[in-house]
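Just so you know, we're using this note's numbering here: the sequence shown kicks off at 38 and counts up by one. Structure first, then comments.
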Amino acid sequence: MSPSQENWIVGSRVIIVAMLACVCGTGVARSDTWPQWRGPEGQGHAAATTRDLPLTWSETANVAWKTPLAGRGWSSPVLDDRHVWLTAAIETAANDVEKAEGLASSKNSQPVEVVRSVTMHAFAVDRESGRIVHDVELFTVQKPQPIHKLNSFASPSPLLDSGRLYCHFGDYGTACLDTASAQVLWVNRDLRLDHMNGPGSTPVLWHDKLVIHCDGSDVQYIAALDAASGAVAWRTPRSGELRDDPDLKKAYGTPLVLPIGGRDVLISPGADWVYGYDPENGRELWRRSYGVLGFSIVPRPVAAHGLVFMSTGFMKPEMLALRPGMDGVEPEIVWRQPRGAPTMPSPLVVGDEVYLVNDKGVATCLDALTGEVVWSERLGGNFSSSPLFADGRIYVGNRDGATFVIKPSRTFELLATNQLEGEIFATPAALGRAIYLRTDEALYRLEKQDR
Numbered sequence: 038m039s040p041s042q043e044n045w046i047v048g049s050r051v052i053i054v055a056m057l058a059c060v061c062g063t064g065v066a067r068s069d070t071w072p073q074w075r076g077p078e079g080q081g082h083a084a085a086t087t088r089d090l091p092l093t094w095s096e097t098a099n100v101a102w103k104t105p106l107a108g109r110g111w112s113s114p115v116l117d118d119r120h121v122w123l124t125a126a127i128e129t130a131a132n133d134v135e136k137a138e139g140l141a142s143s144k145n146s147q148p149v150e151v152v153r154s155v156t157m158h159a160f161a162v163d164r165e166s167g168r169i170v171h172d173v174e175l176f177t178v179q180k181p182q183p184i185h186k187l188n189s190f191a192s193p194s195p196l197l198d199s200g201r202l203y204c205h206f207g208d209y210g211t212a213c214l215d216t217a218s219a220q221v222l223w224v225n226r227d228l229r230l231d232h233m234n235g236p237g238s239t240p241v242l243w244h245d246k247l248v249i250h251c252d253g254s255d256v257q258y259i260a261a262l263d264a265a266s267g268a269v270a271w272r273t274p275r276s277g278e279l280r281d282d283p284d285l286k287k288a289y290g291t292p293l294v295l296p297i298g299g300r301d302v303l304i305s306p307g308a309d310w311v312y313g314y315d316p317e318n319g320r321e322l323w324r325r326s327y328g329v330l331g332f333s334i335v336p337r338p339v340a341a342h343g344l345v346f347m348s349t350g351f352m353k354p355e356m357l358a359l360r361p362g363m364d365g366v367e368p369e370i371v372w373r374q375p376r377g378a379p380t381m382p383s384p385l386v387v388g389d390e391v392y393l394v395n396d397k398g399v400a401t402c403l404d405a406l407t408g409e410v411v412w413s414e415r416l417g418g419n420f421s422s423s424p425l426f427a428d429g430r431i432y433v434g435n436r437d438g439a440t441f442v443i444k445p446s447r448t449f450e451l452l453a454t455n456q457l458e459g460e461i462f463a464t465p466a467a468l469g470r471a472i473y474l475r476t477d478e479a480l481y482r483l484e485k486q487d488r
């Protein structure tokens, strides 16, 4: 390594730490909105102005309103100053012949569902009353690809920026709405791929570009759409060598943009490899193999202490701590930890600790700098939703409708367990004094009702 490269890397470490508050998720992050999945910076943290949240709730306590939702969708809610926006898919059931044909055509070894058709919608719910004020039909698809039984056709979360709502449904299309009128401004159906299990990757907005992962069982690439028009701005094939099995080529990750060395770098997890790209033009800056089998990645990376924390995906997942590289410099794997690694929920960093909840309901606290296990405790149930840090607490919900409230500490402390009807797949949003939580049946505004 040359002295200039060494200085460059050292400088980048300082910049990552100093500029972590500037992590780029959307074009604008305001304290009075929740513009994207996992909050203003996409890291699972609510704004510091979010306070006095409820510690406990039930179907009859601390519920400001509950709004039943049509269709099915695991996308997480986003909020502007007036509305909660979310997406859903309304399915038309297949008959026995159609189911048999769909299952025969499926290459998936996992349990899948077959439907005759599906219609994708965007909904706007009034934040104060819970009334649905907009229901916009975006796409209708006949004979969609079979979908994994734990997935939905509306799993990617929408995102908000400057009066626009961007909704992505994977291979089935991407749309942009005007939030004031709910009018569709553009649609794009050029990003084709075979998901095998259905769509899952949530896009991110970088300045004037909507960046989308397209990691299918057939093709693997990353693309950016012009946010104003929906036209493809760039498209970059994945360059890492993959295994022959199509099932091991796919991924459902969401990228993270970090300022490194005076430039923004798109941290992009795919099957077997994590990549760094220039978000302006899609040029690959570096790539790093996980060193283990890694596919079907769902968790979004998080960043702190000059490191990026990520999971390698399914089968035998590991948590990795990467020190991001510069142009042409492979990232360093600082530590790896298999214990407690999730395959669907994203990690959360609070202070000097990384908090994990894996799919089987085990919560784990790691030392962020060393990867050593601080504690590990079973919560119970199965998890898909990612943890939220808000008002000094960690909130995370399971697929049985229970939300566990944990104190962030090097000693495990469960503060509360709150039960609602239905299942929780989506990640909650927290704004002001309220938590907005989506189940498979309804959207809740949870707020203290004893004031």
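No residue lacks a Cβ here, since even glycine has one placed at the ideal position from N, Cα and C.
Do residue i and residue j have their C-beta atoms closer together than 8 Å?
i, j, result
"T291", "H250", "yes"
"L202", "L214", "yes"
"A466", "W71", "yes"
"P283", "S254", "yes"
"Y314", "L303", "yes"
"R373", "L357", "yes"
"F449", "E414", "yes"
"S333", "S383", "no"
"D396", "M381", "yes"
"P361", "V345", "yes"
"V173", "V115", "no"
"V391", "P379", "no"
"P236", "S192", "yes"
Could you give the residue range of the beta strand (DSSP E) that holds residue i?
i, result
"V134", "Unbroken run through V134 is the alpha helix (DSSP H), 133-142; no beta strand (DSSP E)."
"K286", "Run containing K286: none; DSSP gives neither H nor E here."
"Y489", "Because the chain is modelled from 38 through 488, residue 489 falls outside the range shown and cannot be assessed."
"V399", "399-404"
"V162", "152-163"
"L230", "Careful: L230 lies outside any beta strand (DSSP E) and carries neither H nor E."
"F176", "169-179"
"E409", "Segment: none, E409 is in no beta strand (DSSP E) and carries neither H nor E."
"P274", "269-274"
"R325", "321-326"
"N225", "221-225"
"W243", "241-243"
"Y209", "From DSSP, Y209 is part of no beta strand (DSSP E); its letter is neither H nor E."
"S517", "Residue 517 falls outside the range modelled here, since the chain spans only 38 to 488, and no answer is possible."
"G426", "Gly is not the amino acid found at residue 426; the sequence shown has Phe there. It spans 425-427 - the beta strand (DSSP E) in which F426 sits, taken as one unbroken run."
"V335", "Counting along the chain, V335 falls outside any beta strand (DSSP E), and DSSP gives it neither H nor E."
"M363", "Run containing M363: none; DSSP gives neither H nor E here."
"V329", "No beta strand (DSSP E) holds V329; DSSP gives it neither H nor E."
"N455", "451-456"
"R430", "430-434"
"F351", "Run containing F351: none; DSSP gives neither H nor E here."
My guess is that residue i and residue j are in contact by the Cβ rule of under 8 Å, so how many angstroms apart are they, rounded?
i, j, result
"V339", "Q80", "5 Å"
"L474", "L483", "6 Å"
"H171", "G207", "Between G207 and H171 the Cβ distance is about 22 Å, and since that is not below 8 Å, they are no contact."
"W122", "P195", "6 Å"
"I169", "T104", "7 Å"
"V151", "E128", "With 8 Å as the limit, V151 and E128 do not qualify as a contact, their Cβ atoms being about 10 Å apart."
"L452", "L92", "6 Å"
"A400", "L106", "So it is not a contact: roughly 28 Å between Cβ atoms."
"A264", "L242", "6 Å"
"D117", "T211", "Between T211 and D117 the Cβ distance is about 19 Å, and since that is not below 8 Å, they are no contact."
"N234", "N145", "7 Å"
Thinking C-alpha only, which one of the options is nearest residue i?
i, options, result
"A405", "R447, G434, P379", "R447"
"M347", "V442, S305, S421, G319", "S305"
"Q257", "T273, G398, L403", "T273"
"A141", "P183, G267, K103, G398", "P183"
"G434", "H82, G417, E390, T87", "G417"
"V410", "A107, D389, L116, S422", "D389"
"N419", "V100, W412, G398, G408", "G398"
"W223", "S266, E317, K444", "S266"
"A130", "V173, A101, W111, Q179", "Q179"
"P181", "S218, G108, Y209", "Y209"
Practice prompt. Evaluate the contact criterion for the region 422-442 versus the region 350-358: three or more CB pairs, one atom per stretch, below 8 Å.
Written response: no
Worksheet item: Using 8 Å as the threshold, is the region 360-371 in touch with the region 321-339, meaning 3 or more CB pairs across them?
Response: yes
Discussion item. Could you check whether the region 411-429 touches the region 148-163, counting it as contact only if at least three pairs of C-beta atoms, one from each stretch, sit closer than 8 Å?
Written reply: no
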